[in-house]
Structure formats: structure tokens, C-alpha cells
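Which chain is which? The protein sequence lines are A and B, in order.
Remember, the working numbering sits 940 above the position in the first sequence when you count from 1.
Remember, the working numbering sits 5 above the position in the second sequence when you count from 1.
Step one of this worksheet: look at the structure below.
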Amino acid sequence: MRALDDLLRECAPQVLGAVVRRYGDLDTCEDAVQEALLAAAKQWPVEGVPDSPAGWLIRVAARRRVELTRNESARRRREETAGRMPDAVEPRGDDELTLLFLCCHPSLTPISQVALTLRAVGGLTTAEIARALLVPEATVGQRISRAKQRIRASGARFEMPSAEEWAARLTAVLQVLYLIFNEGHTASSGAELSRVELTAEAIRLARQLRGQLPEDGEVAGLLALMLLTDARRPARTRPDGGLVPLAEQDRTLWNSTTIAEGVSLITGTLRSATIGPFQVQAAIAAIHDEAARPELTDWPQILQLYGLLRLLAPGPMVTLNRIVALAEVDGPVVALAELATAAADPALAEHHRVAAVRAHLLEMTGDRAAARAQYRLAARRTLSLPERQYLEARAEKNAERS
Amino acid sequence: MKYLILIQSNERSLAVWAKLSDQERMDFGRGHMELSAEMGSAGVLVASEGLADPELAKWVSVRDGRTIASDGPYAEVKEHLAGFYLIDCAGLDEAVAWAAKVPDAANTEVEVRPVLDMSQWDM
């Protein structure tokens, strides 16, 4: 059953892409493909998998799509013309990619892009998406149908974006895949099972995308970043769901096969492709993953990479992570001075992680009372429950020793 | 990101309510229903409910494995939670924009609280 499930998921975007290319309307085609997938799930275990699974699904979906629209009498004549040749729809290599680009259309909000991508490209049911995103099924259903309406209203066609648009659209696609990955990359034990599937789904989609764009450095960079981050998952949480920071993780639990794949991917890419933010983040993750013990971490190189990332894709997290690396290279006093300058920026002043980083640096200097106060402040301001527990524990630790 | 929009009932909100005409009360109730529908079709609504009178509440505690449900100290309560909207949207700005549409915001005020989430954390 697992193999059949995987096969269907594998075929889904290709089939949907082919049918949308032929008929144009994502809305009805998506319903038709869902029904074709259901039919396959029932028939194939009994009758055997057809020689061309995608071809079978496309034929059934095309026929179903004609039936669905035929019910609307106003459209009857047009649909009957189309209905004569459902078999003429052939899968084409770039359909999946076009579909992914369509799901990440700029007229949609990021949460809608995520829902639609999971449904149309990932082949997940609304119920599965709802469980994974921890929202009610009705909410996900609304997001998807609204997204499809918006795409239709925007007049978007089933075609690749123009050359001018290409870079921005690919960036949006990569962001959506990374969002899906981060949704799943959680520390909560209760929600863990369903959300791990989301991580796996993001990696699967990134692999698919890389299959279609093997030369693109950022696609490879994103896949490498996901692999190198996901490899640490077994060591990231305690059995009680509490977070284990990087420096305290049991590195023997890290998945060495995944790390090897991620490292070789990013190493090969850095040599040949134009550099971009995902590649730099993957390179940083690779350096962490390659250190058998925390004290073996190549901090000077990490500091250099954060410097590069600050130029390519500046943001509060990049600034703060660079300061943490700076503390490892030049000491906490230098890093605290840099943090004071950075925190003057209004974009960063309110960020709760400023307090967390300040606490960490103060702890390094040995000023436990000040560190404790900053850990408490950071714990109050964070919205992440595991993070709050971690920060409170750090505050306690500094109270005990002072 | 999930946000809880809390609507309190207190002396000020009761004073406003007392002054409303029947028509205004109808519009107020309809405003809540329309907002729920609008949130639903925007794909942000997780749950929204109005709460029954606190006099109907039970206060539950467990001691030595025994469950005790009592009527509680409702007499002194001057303010209580009257209803809520739980929404899942892009960020605080959007949550505030939704909260501004809650009919109560025009009379008194509503509170927007971010929900703790399970996001990742790497030092």
C-alpha cells in the first residue's frame, strides 16, 4: 500500500499539470484529478498497476473533468468539443514545474501558497493538510478554493513565467518549500508525527524541483539546507519534547547518511553555481554537521559565511546569528558591543531573540545575574513554547550558580 | 500564526449595551455572524464562539484523585470572557485588522493575544 501511495503522489502533479495545460481551469481539473487518484487507489490493487500509471490517470481525469463541466448546461457545447479527445492529453516534462509556479502565484498570500502547493503538487488531501498545519479542515478548504479563485481572477495562464518574472517566481517557490519544511521542523512531541510528514514532503518536493532544474544553485542549496537541518532532528528534542540546543546535542544521533548527501550536494553546487542565500545557509549547516564535537566547529568560517549572508539576504536572524559566531571567534565582549549597535536598529529592537542572544553572551562573560535577567526577559517575549521552557531553564541554571 | 481575539464583558461594555436600541442590538449580533463568515471565507477562522453566562460555569479541581466541581466565586466577578475568535493568519498586523472588525471594538475594546507556537529554535 505504501508503494502505491508513493506512486500516486509521484504522479499527481504530473497528471494535474497535463490536464490543466489542456483545459486551463485549475479549479475543475483539480477535482477531476482527485477523483482519478481515488479511482486508482481502488482499482490498481485489484486489477494491477497499468503500464503507464500517469497516462491512465490523465485519461480518467480528463474524462471526469468533461463529465464535471458537462453538468453545467451553459458550457455543454464547448465541453463536448473538448470531450471528444481526452486521450490526446500527454504528460510533458515541464508540467509539474509550471504547476508549482502557478501555485506560488504572487496574487496569493504565503499561507495560501503553502496550502495550494501541498494539495496540487504534493497530492495531499485537505484533511492531511489540515492535520499537518494544525488548523480545521474547513479553513484549509477555504484557503485552497479562495486561492484557486484568485488565480482565476488574476487571469494567470498555465504557462511558465516570463524571463523578467522568472527569478522572482522561483524565489517565491523556494520560500514556499522552505515554509513547508519549517512548519514540519518542530520541537513539539504531541504534534510531532503529523508534522514530520510535512518535513518529508518539503524534501520530496525540493528533490522533484531539483530533478527539473538541476543547474540551479539555489534549488540545490535549499535541498541541501533541508537535508542538513533534518539530519539533526533525532537529537533536537528530549523525550519530554524539550529542546536541545546545538551545542548540547548528542551528535552520534545525527543521521550521517543524510549529512553526507547534503554535504556533497552543497560542495558540488558551491563550485559551479552562482551563489545565493540558501547555498550560504546550507554551507553554514554543513560546517555545524561536520563537527564531531561542538568545540571542533570551524567558527571563523561560519563568521565569514554570515558576513556574506548579511550582504545577500540581510535580516534580524542573520544579524543575530552572526553576532553569536563573532562571540566564538573574537569573544563575548566584542560581540556584546556589536549587539548594542545592532539593537539600536528599530527592526531589531523589539525582536525577542535580542534578549536571548544578549543573555547567551553575558553568560559567556560570567555575568550570571545579568544573564539570568536577560534569559527571563527573552522567555517572556517568545511565542514558542519549547523555546520558552529552554530559556527559563537557562535562567534557572544561572540562578543556581551565582 | 494563530491569534486569539478576546472579548470581555465588564461594566463599561454593559453600560454601552444598555443604551443600544433593539435595532442596534440586532445589527451587533449580525455583525458577529458576518465577521465569522468573512473570516471563514478568507481561510483564517479556526474557531469562534460566544460564551454562556459565567453563572453557569463550574470550577473544577482534582485533589487526591477526587474531582470537585463547584459553582465558584462568580458573585465578585466584575469582568469575564464573553466570547472569542481564534484565527490563523500571516501576522500581528493582519490579526489587528481582523480585531478591528469585531463589533465590540467600536464600543469598548478587544484584546489580541498571540498563541504560543511550536516553531524551531537553533542557537
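Each residue gets a CB set at the ideal place from its N, CA and C atoms; glycine is no exception.
For chain B, find out if any of its Cβ atoms is closer than 8 Å to the Cβ of residue i; answer yes or no.
{"i": "SER1052(A)", "result": "yes"}
{"i": "SER1102(A)", "result": "no"}
{"i": "ARG1086(A)", "result": "yes"}
{"i": "THR1049(A)", "result": "yes"}
{"i": "LEU1245(A)", "result": "no"}
{"i": "ALA1060(A)", "result": "no"}
Measuring CA to CA, which of the options is closest to residue i?
{"i": "GLU1235(A)", "options": "ARG1250(A), GLU1268(A), ASP1180(A)", "result": "GLU1268(A)"}
{"i": "GLU1077(A)", "options": "ILE1091(A), ARG1092(A), GLU1105(A), ALA1055(A)", "result": "ALA1055(A)"}
{"i": "LEU1167(A)", "options": "ALA1287(A), LEU1145(A), GLU1155(A), PRO1256(A)", "result": "LEU1145(A)"}
{"i": "GLU950(A)", "options": "SER1212(A), ILE998(A), PRO1254(A), GLN1148(A)", "result": "GLN1148(A)"}
{"i": "GLU970(A)", "options": "ALA1299(A), VAL1294(A), GLY1062(A)", "result": "GLY1062(A)"}
{"i": "CYS94(B)", "options": "ALA1225(A), LEU1165(A), SER1052(A)", "result": "SER1052(A)"}
{"i": "ALA1175(A)", "options": "ALA1335(A), GLN1189(A), ALA1164(A), ALA1225(A)", "result": "GLN1189(A)"}
{"i": "LEU1163(A)", "options": "ALA1142(A), GLN1152(A), MET1257(A)", "result": "ALA1142(A)"}
{"i": "ARG1109(A)", "options": "ALA1280(A), GLU987(A), ALA981(A), PHE1041(A)", "result": "PHE1041(A)"}
{"i": "ILE1120(A)", "options": "PRO1254(A), ALA1070(A), GLY1151(A)", "result": "ALA1070(A)"}
{"i": "LEU1153(A)", "options": "THR1038(A), VAL960(A), ARG962(A)", "result": "THR1038(A)"}
{"i": "ASP1285(A)", "options": "LEU1301(A), ASP1307(A), ARG1308(A), GLY1255(A)", "result": "GLY1255(A)"}
{"i": "GLY1306(A)", "options": "ALA1140(A), GLY1271(A), GLN1329(A), ARG1293(A)", "result": "GLY1271(A)"}
{"i": "ILE1091(A)", "options": "GLU1123(A), GLY1081(A), THR1049(A), VAL1159(A)", "result": "THR1049(A)"}
{"i": "TRP1106(A)", "options": "THR1057(A), LEU1260(A), HIS1045(A), LEU1073(A)", "result": "HIS1045(A)"}
{"i": "GLY1157(A)", "options": "GLU1278(A), THR1214(A), THR1192(A), ARG1004(A)", "result": "THR1214(A)"}
{"i": "ASN1338(A)", "options": "SER1324(A), PRO990(A), MET1304(A)", "result": "MET1304(A)"}
{"i": "ASP1170(A)", "options": "THR1209(A), TYR1118(A), GLU1336(A)", "result": "TYR1118(A)"}
{"i": "ASN1122(A)", "options": "GLY1095(A), VAL1080(A), ALA1087(A), LEU1165(A)", "result": "LEU1165(A)"}
{"i": "GLY1182(A)", "options": "VAL1080(A), PRO1240(A), GLN1329(A)", "result": "GLN1329(A)"}
{"i": "ARG1003(A)", "options": "VAL1113(A), ILE1084(A), ARG962(A), LEU1251(A)", "result": "ARG962(A)"}
List, in order along the chain, the chain B residues whose C-beta lies closer than 8 Å to that of residue i?
{"i": "THR913(A)", "result": "Limits of chain A in this structure are 941 at one end and 1342 at the other, which puts residue 913(A) out of reach."}
List, in chain order, every chain B residue whose beta-carbon is nearer than 7 Å to that of residue i.
{"i": "VAL1075(A)", "result": "VAL51, ASP93"}
By the criterion of Cβ-Cβ separation under 9 Å, what are the contact partners of residue i in chain B?
{"i": "ALA1083(A)", "result": "Note on residue identity: the sequence assigns Arg, not Ala, to residue 1083(A). Per Cβ cutoff of 9 Å: ALA47, GLY48, VAL49."}
What whole-angstrom Cβ distance do residue i and residue j have, given they're in contact under 8 Å?
{"i": "GLU1230(A)", "j": "VAL1264(A)", "result": "18 Å between Cβ atoms; not a contact."}
{"i": "VAL1274(A)", "j": "LEU1248(A)", "result": "No, VAL1274(A) and LEU1248(A) are not in contact; Cβ-Cβ is about 20 Å, not under 8 Å."}
{"i": "ASN1289(A)", "j": "TYR1315(A)", "result": "Here residue 1289(A) is Ala; the residue named in the question, Asn, does not match the sequence. That belief does not hold up - the Cβ atoms of ALA1289(A) and TYR1315(A) are roughly 18 Å apart, past 8 Å."}
{"i": "GLY1161(A)", "j": "ALA1222(A)", "result": "5 Å"}
{"i": "VAL49(B)", "j": "TRP103(B)", "result": "7 Å"}
I need the DSSP call for residue i, collapsed to helix, strand or coil.
{"i": "ILE1215(A)", "result": "coil"}
{"i": "PRO119(B)", "result": "strand"}
{"i": "GLY1157(A)", "result": "helix"}
{"i": "TRP22(B)", "result": "helix"}
{"i": "THR1322(A)", "result": "coil"}
{"i": "LEU1110(A)", "result": "helix"}
{"i": "GLU114(B)", "result": "coil"}
{"i": "PHE1098(A)", "result": "coil"}
{"i": "GLU84(B)", "result": "coil"}
{"i": "ARG1233(A)", "result": "coil"}
{"i": "LEU56(B)", "result": "coil"}
{"i": "LYS106(B)", "result": "coil"}
{"i": "SER14(B)", "result": "strand"}
{"i": "TRP64(B)", "result": "strand"}
{"i": "ASP93(B)", "result": "strand"}
{"i": "VAL1000(A)", "result": "helix"}
{"i": "LEU9(B)", "result": "strand"}
{"i": "SER992(A)", "result": "coil"}
{"i": "VAL1075(A)", "result": "coil"}
{"i": "VAL1294(A)", "result": "helix"}
{"i": "ALA1284(A)", "result": "coil"}
{"i": "VAL49(B)", "result": "coil"}
{"i": "SER1047(A)", "result": "coil"}
{"i": "ALA1313(A)", "result": "helix"}
{"i": "ALA1253(A)", "result": "coil"}
{"i": "ARG1010(A)", "result": "helix"}
{"i": "ARG1147(A)", "result": "helix"}
Counting only beta-carbon atoms, is residue i nearer than 8 Å to chain A?
{"i": "VAL21(B)", "result": "no"}
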